[in-house]
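Enquirer: Going by the working numbering, the first residue of the sequence shown is number 1, and it counts up by one from there.
The C-beta atom is built at its ideal place from N, Cα and C for all residues, glycine as well.
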Amino acid sequence: MKTAATAEALAACRGVSVTYGRGEAAVHALDGVDLELEPRERLALLGRSGSGKTTLLHVLGGLVEPTLGTVEWRGRPLSSLDAAARGALRAHGIAYVFQGANLLPHFTAFENVAFAAQVAGRDLDAALAPAALLELVGLSAKLDHLPSELSGGEGQRVALARALAQGPELLLCDEPTGHLDSDTGERVLDLVEALHAEYGFTLVVATHDVDVAARWERLVEVHDGRVVGGRAA
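Below, the structure is given as structure tokens:
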């Protein structure tokens, strides 16, 4: 498992702890985590509910500040970035796919993807335009459908297209098949795998499912807020 400093690291946690509350009520969501992500790698965070894997995703993505330790992006501490730089990183450096699609309910599939592209400052007429991305994930016939008119699997595919619209270097997926039946979940994971091969982003998938975790070259096991094991390719 790779924890030592390397020149290739895209993102890294150095001795990261996250604690909520104080005293006897304190909850230690993460406890001294060291982790590096290399460009283009595919990594699974495996752990049961409450293990800390989602908090680790949020820390890597800059959504949660560590109580102790440092989170780095290309060797630079996130804490050293000003508000504009951090906003730009969240807009197009890092993208998320959540357990539920989390689409804007009153926006169509096209509008959900277009909104993400606009926030990231991307050209809507470029090769990765919203319509092209939705065609890429097999939803060219559903551009004008609202989230309520989509199946669970279709909603997750829109979420993937929305994430790609940001042009991310790092894609963080939190239980992306958690609300799907097994067949639909397999199709979504197949799509994630194909998109990674096409675009070369770094991929981190948090899951409690050992079969999902087994799809990716690198595995990191999380238990009670600590990295307790894993494997590399």
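Which partner residues does T70 have in the DSSP bridge list?
Expert: As a first step, residue 70 is located in the sequence shown; it is residue number 70 there, counting from the start. DSSP, once it has assigned bridges, lists R14 as partnering T70.
Enquirer: Leaving out the 5 sequence neighbours to the left and right, which residues in its chain are closer than 6 Å to A4 when beta-carbon positions are compared?
Expert: Stepping through the sequence shown from its first residue, residue 4 is reached at position 4. Here A4 scores only 44 on pLDDT, less than 50, and its place in the model is too uncertain to base an answer on.
Enquirer: Could you check what DSSP says for R226 in three-state terms: helix, strand or coil?
Expert: For the purposes of this step, residue 226 is taken as the residue at position 226 of the sequence shown. Here R226 sits in strand by DSSP.
Enquirer: Out of F110, T177 and P66, which has the shortest C-alpha to C-alpha gap to L146?
Expert: Counting from one through the sequence shown, the residue named residue 146 turns up at place 146. Of the listed residues, the one whose Cα sits closest to L146 is F110.
Enquirer: Quick one: grab the DSSP three-state call for P77.
Expert: Counting from 1 along the sequence shown, the entry for residue 77 is found at position 77. Here P77 sits in strand by DSSP.
Enquirer: Apart from the five residues on each side of it in sequence, which residues of its chain come closer than 7 Å, Cβ to Cβ, to P168?
Expert: For the purposes of this step, residue 168 is taken as residue 168 along the sequence shown, with counting starting at 1. Closer than 7 Å at the Cβ level, and outside the excluded window around P168, lie H92, G93, I94, A95 and F201.
Enquirer: Among E154, L139, V113 and L133, whose alpha-carbon lies nearest the alpha-carbon of E198?
Expert: Translated into the one-based positions of the sequence shown, residue 198 becomes position 198. It is L133 whose Cα lies nearest to the Cα of E198.
Enquirer: If you run the structure through DSSP and keep just helix, strand and coil, what is H106?
Expert: For this step, residue 106 is matched to residue 106 along the sequence shown. H106 falls in the coil class under three-state DSSP.
Enquirer: So which of H179, V113, A120 and G121 has the shortest CA-CA distance to A131?
Expert: Numbered from its first residue, the sequence shown carries residue 131 at position 131. Closest option to A131, Cα to Cα, is V113.
Enquirer: Just to confirm the assignment, what range does the alpha helix (DSSP H) spanning D211 have?
Expert: Within the sequence shown, numbered from 1, the residue matching residue 211 stands at position 211. Unbroken alpha helix (DSSP H) run through D211: V210 to A213.
Enquirer: Starting from the Cα of W50, find the closest Cα among H28, V59 and A44 and give me that residue.
Expert: Counting from 1 along the sequence shown, the entry for residue 50 is found at position 50. In the sequence as displayed, the identity of residue 50 is Gly instead of Trp. Considering only alpha carbons, the answer is H28.
Enquirer: Short of 8 Å in beta carbon distance, which residues of its chain neighbour E41, apart from the five on each side in sequence? Order them along the chain.
Expert: Here residue 41 refers to the residue found at position 41 when the sequence shown is read from its first residue. Taken in chain order, the residues that qualify are T202, L203, E217 and R218.
Enquirer: Note down the Cα distance separating T108 from L171, rounded to an integer number of angstroms.
Expert: For the purposes of this step, residue 108 is taken as residue 108 along the sequence shown, with counting starting at 1. For the purposes of this step, residue 171 is taken as residue 171 along the sequence shown, with counting starting at 1. Approximately 23 Å, taken between the alpha carbons.
Enquirer: Are L104 and L160 touching if we call contact CB-CB under 8 Å?
Expert: In the sequence shown, counting from the first residue as 1, residue 104 sits at position 104. In the sequence shown, counting from the first residue as 1, residue 160 sits at position 160. No.
Enquirer: Is the beta carbon of G62 sitting closer than 8 Å to the one on R90?
Expert: The residue you call residue 62 lines up with position 62 of the sequence shown. The residue you call residue 90 lines up with position 90 of the sequence shown. Cβ atoms of G62 and R90: closer than 8 Å.
Enquirer: To the nearest angstrom, how far is it from the Cα of A44 to the Cα of L81?
Expert: Sequence index remark: in the sequence shown, residue 44 carries index 44 (1-based). Sequence index remark: in the sequence shown, residue 81 carries index 81 (1-based). Those two C-alpha atoms are separated by around 27 Å.
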